[in-house]
Every structure is written in structure tokens, then in C-alpha cells.
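Protein chains in written order, with full-length UniProt numbering: chain F, 1 to 243; chain S, 1 to 243; chain Z, 1 to 243; chain D, 1 to 243.
Glycine included, C-beta positions come from ideal geometry on N, C-alpha and C.
Computed from a predicted model, the values in this text were never measured in an experiment.
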DNA sequence: CATGAATGAGCGTTCATTCAT
DNA sequence: AATGAATGAACGCTCATTCAT
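Below you can see the structure in the form of C-alpha cells.
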């Protein structure tokens, strides 16, 4: 009913960077870098860890792999992190926030685009982001299955995504623009899973997968069809967002 | 498996059960059990391995965990399998084939059910199977990322699933019963990913997830909507379509 | 001075076959084969063991290698032998006795050949025997360094060889046919070592070593030179072996 | 090594010490010690390995034996070497080079000693060296039979020895000082085998073997006799051949 | 006599982690 | 801050050996 919450960035960021901030703070107190140089080394380690995890997976990755990639010795690692899990948490926290962006476009009251166009734009944004981060997301999700702390991170992340999208669907249903028989939560979950995993499985950049534009188009169509998304009665005469 | 109307079934099945047979034969020749007792022990090991992998994941699982759960010594394991990968292959090969069943229902020419009913039945079958096997599937998929032999198994498995479903969609499109703008392969891929992962993530039996029936209903609806599945013009004489 | 001891075979055999007999008796009492078939299997095992030891060396050889080569299971081995050392003793005991033959030719009073010819004949016999058995001899000697029981066997074997030859040299020296400044024992030891090891190192049949005839000729020459072997004053007029 | 009159020395030496240098360099680059303390530990390990191999042989030697003897944990070993073979290579490379010294004395043009004296000196040098290193040489040779890399080391080592000596014999033959009927290569091989193995078998320090001086004298005599070594035409006043 | 199943001891190796410098 | 040395725990795997059949 209301003219949409806020730019979702606003909602999304706090959630993630909240966790982020907490983690950093924690580390800072413990054994974080106290000098400029230290901070740089630490950043290099996080970057290296991400790359190594993407390449070899979490379990196969050795701490020395990470350290070496950061141009450090194996034991220097322990100046900054307590364990592999520890640095993975940092990697997760540093993940590009654009992963959770794009959904709000669908309902953006200022937009003059058709719902179809909006969904397409949103899908493109998300798939692009996921395609880029799919590998590390896979790692995080994998680890989350057997590591409590990572699971929390992952869940927070995923739930936020789902919550936003569920809200969008509800809004559309209320305006009579989406199939009212759909359960917003379950459907969102299913479609989110589809998007994320499809990107992870079939859109990895080095994969001989589908043409990206075609994939975006088809996934978009699935969304629109699945939601039975209709054009608002009077598309663009005047603002008609109350349905 | 049941009588298979579609050709794809016919081609696909041998592929998988062929690999299956080969794997078993290989093992049998190599160091498989040569006595009744041995066969039982071997089976116990496979069962134990599945359970352990599901609980701890592949990397965290120790061979002794498997052996002990089967009531054996660590070293007895090596009478039957060469490595953890080896027994995982066996576990994968022994996976309930119902995982790949159900799709053909959709096109079954002998059926008098409406498309909606058919999809619902297929979805239920699949989701039930996946809900049961999701954990181990997750393990297999995880390992497949860094193990060639397992990847082959996984790919064969997944491809078969996708191929069958894509065929169904094409058939429906040709009969004018499904949205002709959809690319059967991409859409199948996306929807298959959705089903499998949704089951894996939100339907695990011990999970506080959704009500299963509701979930089936919603996923079914997504399918039907996504494909824009229509009733055939004159289904049978009369239909008292539930719905 | 005496007309030479006996045909060395006579001396040699008791020594070796004595050990042999003792070993066999021992085994027979313990767990030797009690049936015809058993004896054959046992023989097959010994044969197999020799071959395996020659191929892989003692330490690298596995009991299962031996058993499999004999067409048996690994555990059947234990019906006949207690350990690898055990069967190696048997292999050693069964070694071709011709290894220790040939030396007596040098002094054979019935021979009409020149000393040069006799040495040549003896060398050829020995080198041929050693060339054939060098591999297994090497194994035995190697094991003898750290296994008391095998060391006894090896020493017996080697000492007998040396003793006979030393005797020959003494005889020749007494007849004024060999350099009197040589210490029969040390020289024999050195020359025996040379012969055995040269065969082992440079005459192995599958080796791209020297031409066998040339090698025999050269080794013979070394012997003759080293001993400063001279023709007896009246070579072949009549038997003059009493000196 | 000393000033080398013969060309073979010149060519041969680089070959061996080249391999030597390469091996060391390789290790140094890989995982060699990078500190003073590390270098000492490494040296202690090599020393310990030599001792253990001599005592127990290569196969019987456990890595923990070596580590413990060096006062280290089992796993510390792996900071310096990759495997038992690896450290054996190091032990072999560190072998006293005097093993290959002495031969050149025989032809040394600056020497005023008689050939007999020269050979005696050379033999003494060699036998002393071999007596000291015989055990480890035996181990190396033993391992070389089934290990390619060690075989190369051993062969290089042995070939150099043989090549030098063969050159000496040829020179002597050309000057009419040695039996022209001898094949330099085969004879060298045989005599080298004799020397090395005799030392190994009968001169080990803890062995109840022969008196060392007597042994040297006898081996020397065998050499001189075998080569039919004559005094050069005007070496001393007149030939005073010990008959 | 022979087999297959099962065991237990032991070894090589890896790796995260700690410590002294 | 960073390094190299060192440790200890753990794991995979091999193999000789025993046992029931």
C-alpha cells in the first residue's frame, strides 16, 4: 500500500554491513592489524583467501595456499586470523552487496517501465552479481552446512534476499498484478533458489554455458509467467500504485 | 523402471544404469566380496558411508567413521573399497532411481488426468525423492566440483533429468499447451535446479521447513504458471477437473 | 700334496645339502606339506618366491606377490611358511649347487689340460652359474646383512667356496706354479668377491653388459696373471701331481 | 681434488660434482633451511640418516629413527626432506670424495716412486676410504637396484671410478708396462668391483676381518700381478722384480 | 588344503598451530 | 610485523597375520 519501503540498498546494507561491522570489531579487538601496513596485509589475505577458496574449495584449501598467495608465510597468517573459518567469515562479510540489489526495481514507484521490463532489469542485475560471486557463494553455503557461524551469516544473507522479494510479491498480489494463489514466501524461496543456483551452475564465467542475454530473458520469462505478472490496468496514465 | 513411453527415457536409462553396472562389475572383479558374508559387509559399508557422508559431509568424514559405523575395523574397509571416493561412487550408483522418475507422467498418453494433476503428481514424486536424498545429493554435487569421476556421475544423472524434462516441454509446446517463447533447455535447467535445490534447502525432513503438501502445491503452481500450461482442448469426454 | 681331496662335489654337497636337509627337516616337522599335492604347492611357492625376490628384491616383495604368482591366495602361504624370511631360507637352500662347482677342475689330476685351460674352464662354469643366480644371490646377501639366520646360510655358502679355492691356490703354490707371496685366503677372498660381484653387476642376462666369452677370457687372464700361474715343468708327459 | 694430470679426471669430476651441486641447489630452493639453525638441523638429519641407514639398512630404517636420532620429531623431518629417498640422495651426495681419489697417483708423471709403490699407495687410499664408507655404499647400491634416481647417482659415481682407472691401464699398456692382452674396461670393472666389494665385505672396521696392512699388500699384489705391471725402462737402476 | 574375511600394528605424510627470534 | 623451526595430532593406507569356514 505504501509507496514502497525505501530504496532497498538502504535496507540491505545495514543488515549485511551490520554483521560485517560486528565481525570486524571483534577481530579488531582480538588481533587485528594495528598499523597501516598490517591492514593492507590483512586485506591481501582476505582477497587471497577468496581466490583460493573459489579455486580449490574450502576443505581442499590450505592455509599455506592462502598465505602464499598473499605473499606471506604460512605462520604469518596467524597474526590476522585464527583459523580458516575465521577468514572465511571475513570473506563472506566482504562480499559485494550488489548481490542483494535489484529486487526493489520491480516495485519502484518512480519507474515508468513496464513490469516486464522491471523484472528483466532486476533479473539481469542479480544474475550478473551472482555469476560473479557464485563460486564463493557456493563455498560459503557448503561450509554453512557444517559450521554454525557461517550458517548464521549465510542465513542472514539469504533471508534478507527472500524477505525483500516476498514483500514485492505480496505488493503485486495486493494490486492484483500477480497470481493470488501463490504463497509469497514459498514462491520467493523457490524462485530465489532457482536464480542463485542457476547462476552458480550454468552461468559461471568460465563455463561453456548459455548465452547470458538469452538466459536472462528466459529466467525473466519464467518469473513473469510464474507470478502471472500482469500489466497494471492503466499502465502509465498516472501513478496508480495503490492498485 | 516403468514402461517408458518416451524415447528419451529409453536412451537415458541405459546410460546411467550402464555406468552403474560397469562400476559394480569393476569393483566385483577387483576386490569385491566373493562370499555371502562379504556381500553383506560390503552393503553395510555402503549404507554406513551414505549415513556418515550425510551427517558430516565428505571431507569431514573419516574412513574409520564409515568402518566403525559398519561395525568394522578401519582396515577392513580396504577389502572392499580403495578410497573414500570409491565408496562414494558406489553410494551414488546405489541412489534410489526414483529420483529420476515422475517426469514422464506429464505426457503419459494413457493417463486421463488433467495436465495440472499430472504435474502435481510428478512434482510430488520428485520432491519426495529429493527430500529423502537431498543430503547425499548435496554431498555428491559438492564432491563433483573437484573430483572428475564423481562429476561424471553427477552430470550423467543431472543431464538425464534435464533431457527428459526438456523433451516433455517441447512436446507440450508442439501441442500448443505451453508457452512457445520458452527455451525448453534453459527453462528445464532452471526449473530442475529450482526443484532439486528447493528440496535440498527447504524440505529436508529434519528441517523446520514448510508443510510438504503446501510446498508441493506451490511448486506445482510455479511450474504450471511458468510453462503457461493449458488444458488440451478436449481432454477426454468429460473431466471433472479438481481445482 | 695328496692327490687332491675328492671331487669337490663330494665335499660341497654335504655342506650345503646338510644345511638344506636340516632346514627341510625342520619345516617338515613344523608345518610342512603332508600330501603329494601339498608338496607340489610348496615347491610352487618356493619357485614363485625366488622369481619375485629377483624381480622386486626382498623388502619390496609382498607375501601376496609370492602367493599370487604361485596361484594361491595370500593366506594359503601360511600353510607352508611362517614368514618371508622363512621362505627365503628355503629358496637359498634350493639354490643350484653348481654355484660352488668348477674350482676343483684347476687341480684335477686326471685332466690333461694346461692350467690356463683349466682356469678358463673353471671360470666359465662359475660365471655361468653366477650369471644365472646373481640376482637371488644379491638378495640373499642383502638380507644376510640384517638377518642372522640368512647370514649363517650365506656365510656357509661363501666360506665353502673360498675354502676350496684357497686350497687350490695353496696346492699350486706348493708345486711352485703360483706366486708364493700371495696369501691364499685373502687372495681367494678377493678374487671370489671379484668373480661373484662382477657376474652380478656386469653379466646379468638382461643387461647390456659385455660379451660373455670376452668377459670369461678377461677374468681368466686376471686370475692367471694374479696368481702368476705357470705351466708345470713337464706339462703332459706323465702325471706329476705329487709335485 | 688435487691437480689432475689425466683428461678423464677433468671430464669426470664436473659430472659428479655437477650433479652434486644441482641436487643441493634443488633442495635449497625447495625447502632447504633458510636460517643458521635450520642448516645445522639439516646437517644433523643427514648425519643421522647415514648412521641409521648403515645400521638398519634403507628399508628397515624408519623416518622416525632418523628424526629421533637427530633429536627431532618425526614430522620435523619433512621440513627438510620429502622422503627417505630424498635424504638418501643427500647422504650419497655428501659422501667423502676421497672414495674416488688415488687412482691418478699411478700415472703421476711427477712422482719418483716405482709403479709398485704407486699402486700400493693408491690401493691404500682407496681401501681406507671404502672401508670407512662401505656400509653406506652398500646401502646406496642396494637402493639403486630399485630406485631410478639413486641408480643414476651410483652409476655416475662408479663409472667415474672405472673410467679413470681404465685410462690409467691404457696408458700403461701403451708404454709397454702392462699386459697388452687385457681389455682395459672389463679389467678395470672387475678389479674395481673386487676392491670395493672386498672392502665392503672383509674390511669393515667392526668386522673381525684381516689385518688391514696385510690386506692392502695382498690386494696391491693382485693388481700388479693382474696387470703384469712392469717397471718403466729406466725407472731405477735395474729391474728387480719380486718373483 | 584352501579361501575370504577381518584385524592390528605401523608407517609415511599432511597440516594447523605454536614458539623463539 | 614476519619468519622459519618445530610440534603433535590425525589420517590414509599397507601388510603380515589370524580365524572361521
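Problem set entry | Candidates Z:185, Z:118, Z:228, Z:149: closest to residue 162 of chain Z by CA position | Z:185
Exercise. DSSP three-state call for residue 65 of chain F: helix, strand or coil?
Worked result: helix
For this session: Could you work out which residues of chain F lie near residue 218 of chain S, taking near to mean beta carbons separated by less than 8 angstroms?
Result: 182, 183, 186, 187, 190
Exercise. From the beta carbon of residue 202 of chain S, is the nearest beta carbon of chain F less than 8 angstroms away?
Worked result: yes
Exercise. Exposed or buried, which one is residue 146 of chain Z when buried takes at least 16 other CB atoms within 10 Å?
Worked result: Residue 146 of chain Z should be labelled exposed.
Exercise. On the premise that residue 91 of chain Z lies in contact with residue 56 of chain Z, defined as a C-beta separation below 8 angstroms, what is that separation, rounded to the nearest angstrom?
Worked result: Going by Cβ atoms, the distance from residue 56 of chain Z to residue 91 of chain Z rounds to 14 angstroms, so no, they are not a contact pair.
Exercise. Ends of the alpha helix (DSSP H) at residue 144 of chain F?
Worked result: Residue 144 of chain F -> alpha helix (DSSP H) spans 115-144.
Problem set entry | Proximity winner among Z:137, Z:151, Z:157, Z:213, relative to residue 54 of chain Z (alpha-carbon distances) | Z:137
Exercise. Out of D:173, D:39, D:43, D:223, which has the shortest C-alpha to C-alpha gap to residue 95 of chain D?
Worked result: In terms of CA proximity to residue 95 of chain D, D:43 leads the group D:173, D:39, D:43, D:223.
Exercise. How would you label residue 75 of chain F, buried or exposed, when you count the other beta carbons within 10 angstroms and need 16 or more for buried?
Worked result: Under the 10 Å beta carbon count, residue 75 of chain F is surrounded by fewer than 16 other beta carbons and is classified as exposed.
Exercise. Relative to the C-alpha of residue 142 of chain Z, which residue among D:45, D:59, D:52, D:41 is closest?
Worked result: For residue 142 of chain Z, the closest of D:45, D:59, D:52, D:41 by C-alpha to C-alpha distance is D:59.
Problem set entry | Alpha carbon of residue 157 of chain F to alpha carbon of residue 224 of chain F, nearest angstrom | 24 angstroms
Problem set entry | First through last residue of the alpha helix (DSSP H) which encompasses residue 168 of chain F | 148-174
Exercise. Would the region 213-221 of chain S and the region 159-178 of chain S be scored as touching if the rule is three or more Cβ pairs under 8 angstroms?
Worked result: no
For this session: Select from the region 157-170 of chain F all residues with a C-beta closer than 7 angstroms to any C-beta belonging to chain S, and list them in chain order.
Result: none
Exercise. Of all the CB atoms in chain S, is at least one closer than 8 angstroms to the CB of residue 230 of chain F?
Worked result: no
Exercise. Regarding residue 112 of chain Z and the ligand NAD, is the C-beta to nearest heavy atom distance less than 7 angstroms?
Worked result: Ligands in the displayed structure: none, and consequently the ligand NAD is not present.
Exercise. Cα separation between residue 70 of chain F and residue 45 of chain F?
Worked result: 5 angstroms
For this session: Indicate whether residue 230 of chain F and residue 150 of chain F have their beta-carbon atoms separated by less than 8 angstroms.
Result: no
Problem set entry | Same chain, Cβ closer than 8 angstroms to residue 139 of chain S, neighbours up to 5 away in sequence not counted | 53, 54, 57, 58, 88
Exercise. Relative to chain F, which residues along the region 135-149 of chain S have a C-beta separation below 8 angstroms, given in chain order?
Worked result: 138, 142, 145, 146
Exercise. With C-beta atoms as the reference, is residue 61 of chain Z less than 8 angstroms away from residue 84 of chain Z?
Worked result: yes
Exercise. Exposed or buried, which one is residue 180 of chain F when buried takes at least 16 other CB atoms within 10 Å?
Worked result: exposed
Problem set entry | Among Z:77, Z:123, Z:63, the one whose alpha carbon lies nearest that of residue 191 of chain Z | Z:123
Exercise. Nearest-angstrom Cα distance between residue 262 of chain Z and residue 73 of chain Z?
Worked result: With chain Z covering 1 to 243 only, the question about residue 262 of chain Z has no answer from this structure.
Problem set entry | 8 angstroms Cβ cutoff, residue 226 of chain Z in contact with chain D | yes
Exercise. With 16 as the cutoff for other CB atoms within 10 Å, does residue 226 of chain S come out buried or exposed?
Worked result: The residue in question, residue 226 of chain S, is buried, as its Cβ has 16 or more Cβ neighbours within 10 Å.
Problem set entry | Backbone CA spacing between residue 119 of chain F and residue 155 of chain F [nearest angstrom] | 24 angstroms
Problem set entry | Contact with chain Z by residue 24 of chain D, beta-carbon distance below 8 angstroms | Bear in mind that the predicted position of residue 24 of chain D carries a pLDDT of just 38, short of 50, making it unreliable; the figure below should be weighed with that in mind. Cβ-Cβ to chain Z under 8 angstroms: no for residue 24 of chain D.
Exercise. Does DSSP put residue 83 of chain S in a helix, in a strand, or in coil?
Worked result: coil
For this session: Can you check the region 193-224 of chain Z for any alpha helix (DSSP H) of at least 4 residues that lies completely inside it and give the ranges in chain order?
Result: none
Exercise. Comparing alpha-carbon positions, which option in D:197, D:35, D:187 lies nearest residue 135 of chain D?
Worked result: Nearest C-alpha to residue 135 of chain D among D:197, D:35, D:187: D:197.
Exercise. So, does the CB of residue 80 of chain Z fall closer than 8 angstroms to a CB anywhere in chain D?
Worked result: no
Exercise. How about residue 199 of chain F and residue 107 of chain F: do their beta carbons lie closer than 8 angstroms?
Worked result: no
For this session: Output, in sequence order along the chain, the residues in the region 42-59 of chain F whose CB is closer than 9 angstroms to any CB in chain S.
Result: 56, 57, 58, 59
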